[in-house]
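For reference, the structure discussed in these notes is given below.
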Amino acid sequence: MPVHVETHANISDAARALSSARDGRFFGGGTLLMRALNEADQSIGTIVRCTDPVLRQVRSEGDRIAIGAGVTMAEIMANRDLAFLAPVARIIGGPAVRSAATVGGNLFAEPPYGDFTTALLALDASVRFAGESGQSTPLQDFLRDRANRRGRVVESVMVPRITDPKALRFVKVTRVKPKGAALMSIAAWLPGSGGRGCRIAYGNMAPTPVRAAAAERALEGASLSEQGIARALQAATEGLTPPTDMFASEWYRREVAPVHLKRLLLGQGQ
Ligand SMILES: Cc1cc2nc3c(=O)[nH]c(=O)nc-3n(C[C@H](O)[C@H](O)[C@H](O)COP(=O)(O)OP(=O)(O)OC[C@H]3O[C@@H](n4cnc5c(N)ncnc54)[C@H](O)[C@@H]3O)c2cc1C
0 MPVHVETHAN ISDAARALSS ARDGRFFGGG TLLMRALNEA DQSIGTIVRC TDPVLRQVRS
60 EGDRIAIGAG VTMAEIMANR DLAFLAPVAR IIGGPAVRSA ATVGGNLFAE PPYGDFTTAL
120 LALDASVRFA GESGQSTPLQ DFLRDRANRR GRVVESVMVP RITDPKALRF VKVTRVKPKG
180 AALMSIAAWL PGSGGRGCRI AYGNMAPTPV RAAAAERALE GASLSEQGIA RALQAATEGL
240 TPPTDMFASE WYRREVAPVH LKRLLLGQGQ
């Protein structure tokens, strides 16, 4: 089936084109989309591209930073204001993938991908669609309803401005190092010396990145010591149904999640 490709200079025009094409997909960096096309995915009939500079910008907005959806992992690594996200961007694929893979595309990446989005979830990021000036949707809500968002163009992702890069911890658990796909990734936002206000997110433990709500609750008011985190580790996978796939079984994921979470919370090298 021939695929129709259209390129728009303006994000509003691109958004209109995408919403009116039932078989349309927005083109980010194409690292996943081109694979789907090469595999003759028949559900894709229209590709919508957009060259609007707004997609490539990183802007300050008060105490938040708006990262354009078209910003690549390589650009994240090179941006000083986003130094707290550089270690996460660095583990996405190899150099060729990182020079094309975008923040917007990662929001839609299905398991075993979506590592960057897992870190964004721990940061309590939000998503701004094209045409929504000043408004944004919490990333958690976006992910719950992700399948229904495909017809809309994401313009940017809002993250808090972080001054202490150590407050965001991240691990990608793989069988093949350094570039294998993650059997799970874990991101923890630890704003103080204890567990108060912490957020923990998992990748590849559900169809989309998810928060580890039970572990977060168990950490509230606890110290980040072996004793203090014990209840959180017991609750590490509570309320989750991890998948069994070619990378790991549900049983294995449940077994290793507390091990990696423990190392992350105690700041032990992974
Ligand atoms: C060899 C290899 C290794 C990889 N390793 C990793 C890894 O370690 N970790 C990881 O997380 N991922 C990995 N990936 C997957 C992928 O590269 C990343 O997830 C990347 O961020 C996807 O972004 P993209 O711009 O290439 O998406 P695209 O392929 O352009 O698009 C993916 C999906 O997102 C949608 N989309 C893209 N941008 C927008 C937007 N602005 N608005 C609305 N919809 C949009 C597209 O329509 C499509 O449905 C790897 C891929 C390859 C090929």
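Counted the way numbering that gives the first Met the number 0 counts, the sequence shown spans residues 0 to 269. For glycine and all other residues, C-beta sits at the position ideal for the given N, C-alpha and C.
Taking one beta carbon from each stretch, the segment 108-128 and the segment 17-27 have fewer than 3 pairs nearer than 8 Å; the two do not touch.
Taking the C-beta atoms as reference points, residue 152 is found no nearer than 8 Å to residue 101. Distance from the CA atom of residue 52 to the CA atom of residue 115, rounded to whole angstroms, is 22 Å. Rounded to whole angstroms, residue 249 and residue 240 show a C-alpha spacing of 7 Å.
A distance criterion of 7 Å places the beta-carbon of residue 29 in contact range of ligand 1, judged by its closest non-hydrogen atom. For residue 63 and residue 210, the gap between their C-alpha atoms comes out near 21 Å. No heavy atom of ligand 1 is found nearer than 7 Å to the CB of residue 122. Among the bridge pairs identified by DSSP, residue 64 is matched with 59 and 158.
By the criterion of a C-beta distance shorter than 8 Å, residue 5 is surrounded in its chain by 16, 45, 46, 47 and 48, once the five residues flanking it on both sides are discounted. Bridge partners of residue 6 according to DSSP: 48. The C-alpha of residue 264 lies about 30 Å from the C-alpha of residue 67. Secondary structure remark: continuous alpha helix (DSSP H) runs of at least 4 residues inside the segment 191-235, in chain order: 212-218 and 229-233.
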